[in-house]
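Residue numbers for the sequence shown follow the UniProt record's numbering, so the first one is 1 and each next one is one higher.
Here is the structure we will look at.
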Amino acid sequence: MATARLYPNQLPQALQQSVQPAYLIFGDEPLQRFESVSAIVDAGKLQGFDETERLYLDTTDDAMQLAEALQGMSLFASRRIIVVDVGNGKIGKEAGQIFEHYAQQPSPDLLLICHGSKLEKAQQNSKWFKALTQFAVTVAINVPSGERLTRWLQQRARENGVQLPPDALQYLQDHHEGNLMALSQELEKLALLHPNQPISVEQLHQSLIDQSRFDVFQLTDTLLAGKQAALTHMLSQLRDEGAEPVVVCWALSREIGQLLQLKLHPSNQAQLFKQFRIWPSRQPAIKQALNQFSASQLQQALLLCAKLERNVKGAEADPQASWPLISQCCQLLMNPSASANWLLAAEQV
């Protein structure tokens with residue numbers, strides 16, 4: 001008999017009550033899908049599932065890895081979480097049979113999480129999917145609209161410490177037209193610019209104008225490509241246009257954090273590109289950066305950015321004093337081979 005069907009906003013309470021043996025998370029909204037997977041993984045760890053393995057089903061070799069993951073034993077943990085990205089659900093026959101076989105006798109020492117984009121009717125009626133639904137909780141991912149979107153935005157604003165009066169909330173909601181990833185990122189930025197204070201429509205409008213001028217992708221790609229002259233010009237232009245230094249720091253931290261996730265999970269790269277909205281035209285530059293940086297270097301870079309952000313916040317009385325700090329940080333990050341000096345330099349930033 002099939003188990004429960006939940007929506008993302010119902011998942012946290014359900015996980016507090018119990019963690020089920022398997023979850024199916026499908027839909028075309030990337031933020032809710034990613035956060036649902038993360039919430040289940042975190043809940044599983046609290047229940048003693050100590051090791052997490054992530055797979056992306058794309059080739060026959062991936063099906064073999066799936067079989068090993070579901071049938072094998074770990075040398076390091078007795079209870080494991082297996083996160084499987086099945087894409088659009090059009091998996092091969094062999095992978096489908098592996099799922100069907102596993103569904104006959106699920107292991108109590110495995111927590112299985114399958115996720116992907118919205119499934120077509122044919123995939124929903126496939127043998128493997130029906131077999132999994134007999135014991136898995138289904139989390140339905142839909143893009144909220146109307147009142148549901150308003151409630152989502154209100155809750156998200158509270159979590160970020162952002163105070164949005166009704167007119168500002170409606171303005172933000174209309175501007176991003178249900179793009180939850182963009183809404184979430186905008187709230188993170190507003191939390192830095194206007195912490196715990198009401199935000200007017202005028203302030204919100206100005207923030208969105210600044211965002212259209214400030215191309216974080218171009219700044220980060222220029223930095224990672226080592227184009228020193230272009231980077232210096234870009235930082236000067238941002239300063240002259242009145243860009244907020246704290247937002248520049250936040251953007252750098254976010255981009256480096258995404259690089260770190262891509263570096264740590266190479267087998268899940270295609271899904272992470274979708275999740276982070278890194279389109280094909282930009283992927284070659286990102287892949288080149290991933291070859292230049294080690295995971296350890298990216299972790300140090302993230303720490304350097306965090307220290308920079310704290311110092312920039314401390315210089316709010318004189319924002320112009322922050323730009324030399326930002327420039328110094330960018331020059332350091334432009335040279336991965338000097339990463340051994342980053343933490344030392346961070347103490348002086």
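For every residue, glycine included, the Cβ atom is placed at its ideal position computed from N, Cα and C.
Per-residue burial, residue i [other beta carbons within 10 Å of its own, 16 or more giving buried]
| i | result |
| --- | --- |
| His233 | exposed |
| Leu180 | buried |
| Asp85 | buried |
| Leu46 | exposed |
| Ser117 | buried |
| Gln218 | exposed |
| Ala157 | buried |
| Pro8 | buried |
| Pro245 | buried |
| Lys130 | exposed |
| Ala270 | exposed |
| Glu186 | buried |
| Trp279 | exposed |
| Gln104 | exposed |
| Ser126 | buried |
| Asp62 | buried |
| Ala322 | The question names Ala, but residue 322 is Ser in the sequence shown. Ser322 should be labelled buried. |
Which of helix, strand or coil DSSP assigns to residue i
| i | result |
| --- | --- |
| Val349 | Low confidence applies to Val349: its pLDDT is 49, below 50, so where it sits in the model is not reliable, and the reading given next is rough at best. It is coil, neither helix nor strand. |
| Tyr7 | coil |
| Phe34 | helix |
| Phe273 | helix |
| Ala230 | helix |
| Leu119 | coil |
| Leu24 | strand |
| Glu147 | helix |
| Glu53 | strand |
| Ile278 | coil |
| Val19 | coil |
| Ser296 | helix |
| His265 | coil |
| Gly44 | helix |
| Ser107 | coil |
| Gly72 | coil |
| Glu255 | helix |
| Glu177 | coil |
| Ala2 | The pLDDT assigned to Ala2 is 49, lower than 50, so where the model puts this residue is not dependable, and the model offers no usable value. |
| Ala39 | helix |
| Ala225 | coil |
| Glu100 | helix |
Bridge partner(s) assigned by DSSP for residue i
| i | result |
| --- | --- |
| Ala306 | None, per the DSSP bridge assignment. |
| Thr245 | One point to set straight first is that residue 245 is Pro, not Thr, in the sequence displayed. Looking at the DSSP assignment, Pro245 forms no beta bridge with any residue, so it has no partner. |
| Pro198 | Gln163 |
Sequence-distant residues of its chain with Cβ nearer than 7 Å to residue i (five each side left out)
| i | result |
| --- | --- |
| Arg54 | Val83, His265, Ser267, Asn268 |
| Ala122 | none |
| Pro165 | Pro198 |
| Leu224 | Ala285, Ala289 |
| Phe276 | Gln258 |
| Val37 | Ile25, Val83, Ile113, His115 |
| Phe273 | Gln283 |
| Gln331 | none |
| Asn160 | Leu187, Glu188, Ala191 |
| Arg79 | Gly48, Phe49, Asp50, Asp109 |
| Leu260 | Ala295, Leu298, Gln299, Leu302 |
| Val248 | Leu238, Ile326 |
| Ile40 | Leu15, Tyr23, Ile113 |
Chain-order list of residues whose beta-carbon lies under 6 Å from that of residue i (same chain, five-residue window excluded)
| i | result |
| --- | --- |
| Ala301 | Ile256, Leu333 |
| Met1 | Annotation note: pLDDT 46 at Met1 (below 50); position unreliable, coordinate value reported separately. Excluding sequence neighbours, Met1 sits near nothing in its chain. |
| Gln206 | none |
| Ala67 | Ile98 |
| Ile141 | Gly27, Glu29, Gln32, Arg33 |
| Gly226 | Met334 |
| Val119 | Note on identity: in this sequence residue 119 is Leu, with Val being the wrong assignment. Same-chain partners within the cutoff: Phe26, Gly89. |
| Ala230 | Thr222 |
| Leu111 | Gly44, Phe49, Ile81 |
Residue span of the beta strand (DSSP E) that contains residue i, given as start and end
| i | result |
| --- | --- |
| Asp85 | 80-85 |
| Ala140 | 137-140 |
| Gly116 | 110-116 |
Distance cut-off 7 Å: residue i Cβ against heavy atoms of the ligand SAM
| i | result |
| --- | --- |
| Gly48 | Here there are no bound small molecules, and the ligand SAM is not part of this structure. |
Endpoints, alpha helix (DSSP H) assigned at residue i
| i | result |
| --- | --- |
| Glu188 | 180-193 |
| Lys90 | Segment: none, Lys90 is in no alpha helix (DSSP H) and carries neither H nor E. |
| Phe129 | 127-133 |
| Ser327 | 322-333 |
Residues near residue i by beta carbon distance below 8 Å, same chain, minus five either side
| i | result |
| --- | --- |
| Val137 | Thr3, Ala4, Arg5, Leu6, Ala14, Gln20, Ala22, Tyr23, Leu24 |
| Val349 | At Val349 the pLDDT is 49, less than 50, meaning the model places this residue with poor confidence; the figure from the coordinates comes in the next sentence. Cβ neighbours of Val349 beyond the five flanking positions: Leu304, Lys307, Leu308, Asn311, Leu325, Gln328, Cys329. |
| Ala182 | His176 |
| Ser253 | Leu302, Cys305, Ala306, Glu309 |
| Pro106 | Pro21, Ala22, Leu112, Phe135 |
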